[in-house]
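Numbering (this note's numbering), first residue to last: 14 to 209. Quick reminder that beta carbons are idealized off the backbone N, C-alpha and C, glycines included.
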């Protein structure tokens, strides 16, 4: 349990392998009137290359329409997604996308390698790569990476942990043996009280 390579199987696609569009970064510049706001190049899982052109079609408060045109292999697909402004407790607003599939408000929408439409993480049943990993060796791997020994990160960490475990066990046995000897010596040196 919890060893190297444990955790959930990687049957679900990780969010980190998908194209991501964050409402925070898109509305930071607030370009409106159809101005090209962002271009995201991508490569599909079958090797096709493409680009997503993101335009803010209408910048109005509190909701904004975002047009996303995805072009790959000579085809072009258009998708419009609404973004709403949500007031923050201490003033200001936070923009969130409204997922076209489920209607939930999301800070980020994604497009997996096998799809050509933008949607939220839960609609595509995506997971995070950290959910598929055990964090057991992260500290030692970071130590090796910090030293520039990235090839040895995990194999070296495994060897170090095994040797550390053996050393801890030997130290524990040594302490127990010394305590037992001290106890026996104290027991032998104990003076019996005379019977009165």
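What three-state label does DSSP hand residue 130 in the structure shown?
-> The sequence position of residue 130 within the chain shown is 117, counting from 1. Correct three-state label for residue 130: coil.
With burial defined as no fewer than 16 other Cβ atoms inside 10 Å of the residue's Cβ, what is the status of residue 125: buried or exposed?
-> As a first step, residue 125 must be located in the chain shown, where it is residue number 112. With 16 or more Cβ atoms within 10 Å of its Cβ, residue 125 is classed as buried.
Apart from the five residues on each side of it in sequence, which residues of its chain come closer than 6 Å, Cβ to Cβ, to residue 163?
-> For the purposes of this step, residue 163 is taken as residue 150 along the chain shown, with counting starting at 1. Reliability of the predicted coordinates at residue 163 is poor, the pLDDT of 46 falling under 50, and the value obtained from them is presented with this limitation in mind. Closer than 6 Å at Cβ, skipping near neighbours: no residue.
Please check the pair residue 120 and residue 38, which I expect to be a contact at CB under 8 Å, by giving their CB distance rounded to whole angstroms.
-> Position 107 of the chain shown, counted from the start, is the residue given in the question as residue 120. Position 25 of the chain shown, counted from the start, is the residue given in the question as residue 38. 10 Å between Cβ atoms; not a contact.
Residue 132 vs residue 29 beta-carbon contact at 8 Å = As a position in the chain shown, residue 132 is number 119, starting the count at 1. As a position in the chain shown, residue 29 is number 16, starting the count at 1. Not in contact: residue 132 and residue 29 (Cβ atoms no closer than 8 Å).
Classify residue 196 as buried or exposed, calling it buried when 16 or more other Cβ atoms lie within 10 Å of its own Cβ.
-> On the chain shown, residue 196 is found 183 positions in, with the first residue counted as 1. By the 10 Å Cβ count, residue 196 comes out exposed.
DSSP state of residue 196, grouped into three classes?
-> On the chain shown, position 183 is the one that residue 196 refers to. Note: residue 196 maps to helix in three-state DSSP.
In its own chain, which residues sit with a C-beta less than 6 Å from the C-beta of residue 46, not counting the 5 before and 5 after it?
-> As a position in the chain shown, residue 46 is number 33, starting the count at 1. Low confidence applies here, because residue 46 scores a pLDDT of 49, under 50, leaving its location unreliable; read the following figure in that light. Taken in chain order, the list of residues that qualify is empty.
Thinking C-alpha only, which one of 89, 106, 88, 102 is nearest residue 96?
-> Taking the chain shown and counting its residues from 1, one reaches residue 96 at position 83. Answer by Cα proximity: 106.
Between the CA atoms of residue 94 and residue 26 - distance to the nearest angstrom | Stepping through the chain shown from its first residue, residue 26 is reached at position 13. Stepping through the chain shown from its first residue, residue 94 is reached at position 81. Those two C-alpha atoms are separated by around 23 Å.
Given that a residue counts as buried once 16 or more other Cβ atoms are within 10 Å of its Cβ, and exposed if not, what is residue 83?
-> Within the chain shown, the letter at position 70 stands for residue 83. Residue 83 comes out buried.
Coarse secondary structure for residue 180, derived from DSSP in three states = Locating residue 180 in the chain shown gives position 167, counting from the first residue. It is helical.
If you follow the alpha helix (DSSP H) that residue 37 is part of, which residue opens it and which one closes it?
-> The residue labelled residue 37 in the question sits at position 24 within the chain shown. Its alpha helix (DSSP H) spans residues 36–39.
Return helix, strand or coil for residue 139, following the three-state DSSP convention.
-> Along the chain shown, read from residue 1 onward, the residue named residue 139 stands at position 126. Three-state result, residue 139: coil.
With C-beta atoms as the reference, is residue 123 less than 8 Å away from residue 185?
-> Residue numbering aside, residue 123 sits at position 110 when the chain shown is read from its first letter. Residue numbering aside, residue 185 sits at position 172 when the chain shown is read from its first letter. Not a contact, by the Cβ cut-off of 8 Å.
Which one of 100, 104, 203, 81 has the shortest CA to CA distance from residue 113?
-> Looking up residue 113 in the chain shown gives position 100. The residue with the shortest Cα to Cα distance from residue 113 is 81.
When we look at the beta-carbon of residue 77 and count the other beta-carbons within 10 Å, is it buried (16 or more) or exposed?
-> One-based indexing of the chain shown puts residue 77 at position 64. It is buried - the Cβ of residue 77 has at least 16 other Cβ atoms within 10 Å.
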